[in-house]
Ligand SMILES: [Zn+2]
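Numbering (our numbering), first residue to last: 31 to 420.
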């Protein structure tokens, strides 16, 4: 049974909703807040006063009037805090800076092969330090550094149970933050990327994110609308909406079986989705260069077209299964997702033929973010935490 909230909790929740709503807009007004969040004008006025006193809101003139008195325009102080996100992959380190806008304010990517050794983590600390200096970030404003890695992570214990890409098995996560003098958290790369996509506000309230990178993974995001109005959806804490499962194994779509007697997966099973739909299945034909695969596909190369058709057939099976399980929007992300836009119609047609309930595959969408999605999502973890504290 759902626990009812006491008065203090309700007040805190409402203050948070008002702040998040205002933050999700360039500028807004108290009447707009009241209508969107179904609150009375005196309640909104009281909360806005409180927020002003803490320095997180500012007046930004007046809103254009459609008749009558012009309303006072409000905005949040977007740069009152910032966070850094780092994405670690087998061969690269990506780093981004964001603030309350959750947009990339600065970013860079460098080639650095991952090795689980002290020297690597020392370099990681130096890379962060140089980035902060170069971007002239005010240190006291940094709320934390989120690190995205391609791994199964038990976040409650800061423990990595498995990462094929980084060749890690049962290791504590402490080493990653050893040379980072800020709050630090490790986040699964697909979960971080899903958070970024969802936070950009172009998706429905529930989504399944399917990450098609060198391994296949994903994330499941469910919104609990009971405390919120529809206008709250994109301003609630996305990390609280992730379904993690009992053992942090949720969203491991790469090891869903799509061909019981199929090819052998690295996990030891036969016919896993990872075997058929990882980005490697495509890039292995073009010397490890995924971009080259899509260039040649676009140019009409027959061999690439055949490979792509098979890839899409297998992907359609997987997406149809996801739709049957979750009945919500499916977002295609990861390395392949960023090339998928011109082919989404083709994919929708294949899926429509499989689905017994729906004649169109319009519940599929393609990721908006590319390389920076996971790093940005990792940074957002701390921005969300800061916003929760308001
Ligand atoms: Zn497998």
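C-beta atoms are modelled at their ideal positions from N, C-alpha and C, and glycine is treated no differently.
- Scanning its chain for C-beta atoms nearer than 6 Å, with the 5 sequence neighbours on each side dropped, one finds around residue 45 the residues 77, in chain order.
- In this structure, the beta-carbon distance from residue 251 to residue 230 does not fall below 7 Å.
- Apart from sequence neighbours up to five positions away, the residues of its chain that approach residue 394 with a beta-carbon distance below 7 Å are 349, 360, 362, 374, 377, 378, 381, ordered along the chain.
- The continuous stretches of alpha helix (DSSP H) do not include residue 392, and DSSP gives it neither H nor E.
- DSSP places residue 243 in no alpha helix (DSSP H); its state is neither H nor E.
- Under the three-pair Cβ rule at 8 Å, the segment 208-221 counts as touching the segment 173-188.
- Judged by beta-carbon spacing, residue 87 lies beyond the 7 Å limit of residue 75, meaning their Cβ atoms are not closer than that value.
- Proximity to ligand 1 was defined by a C-beta distance below 6 Å to any of its heavy atoms, and the residues meeting it, in sequence along the chain, are 285, 295, 297, 299, 302, 304.
- Secondary structure at residue 119: coil, using DSSP grouped into helix, strand and coil.
- When the alpha-carbon of residue 63 is set against those of 51, 72, 409, the nearest one is in 51.
- Within the DSSP bridge table, the entry for residue 300 names 294 as partners.
- Runs of beta strand (DSSP E) with 3 or more residues, each lying fully within the segment 177-239, are found at 182-184, 189-193, 198-202, 214-218, listed in chain order.
- Straight-line measurement puts the Cα of residue 296 at about 15 Å from the Cα of residue 309.
- Per DSSP, the unbroken beta strand (DSSP E) holding residue 104 starts and ends at 102-106.
- Under the DSSP assignment, residue 67 falls outside any beta strand (DSSP E); it carries neither an H nor an E label.
- Residue range 320-328 is occupied by the alpha helix (DSSP H) that includes residue 327.
- Here the alpha carbons of residue 89 and residue 182 stand approximately 44 Å from one another.
- Shown here for residue 371: same chain residues with a beta carbon closer than 7 Å to its own, the five before and five after excluded, namely 396 in chain order.
- In the three-state scheme derived from DSSP, where H, G and I count as helix and E and B as strand, residue 375 is classed as helix.
- In the three-state reduction of the DSSP assignment, residue 131 falls in the coil class.
- Linking residue 224 to residue 404 through their CA atoms gives a straight-line distance of about 8 Å.
- The beta carbon of residue 220 is closer than 7 Å to those of 239, 241, 247, 248, 249, 281 in its chain, skipping five residues each way along the sequence.
- The beta-carbon distance between residue 192 and residue 199, rounded to whole angstroms, is 6 Å. This is short enough to meet the 8 Å contact definition.
- Taking a C-beta distance under 7 Å as the contact criterion, residue 303 and residue 286 qualify as a contact pair.
- Going by C-alpha positions, residue 392 is about 28 Å away from residue 332.
- A straight-line Cα-Cα distance of about 43 Å links residue 137 and residue 99.
- Relative to residue 154, the option among 92, 130, 114, 80 whose CA is nearest is 114.
- The DSSP-derived three-state label of residue 137 is strand.
- Between the alpha carbons of residue 149 and residue 414 lies a gap of roughly 31 Å.
- One thing to note: residue 142 has its Cβ no nearer than 7 Å to the Cβ of residue 162.
- Under the 10 Å beta carbon count, residue 355 is surrounded by fewer than 16 other beta carbons and is classified as exposed.
- Beyond the five residues adjoining it in sequence on each side, residue 343 comes within less than 7 Å, by CB distance, of 380 in the same chain, given in chain order.
- Around residue 48, the same chain offers 63, 67, 69, 74, 77, 78, 81 as residues with beta carbons nearer than 8 Å, after the five sequence neighbours per side are excluded.
- Boundaries for residue 275: no beta strand (DSSP E) harbours it, and the DSSP string shows neither H nor E there.
- With respect to residue 107, residue 409 sits apart: the two C-beta atoms are not nearer than 7 Å.
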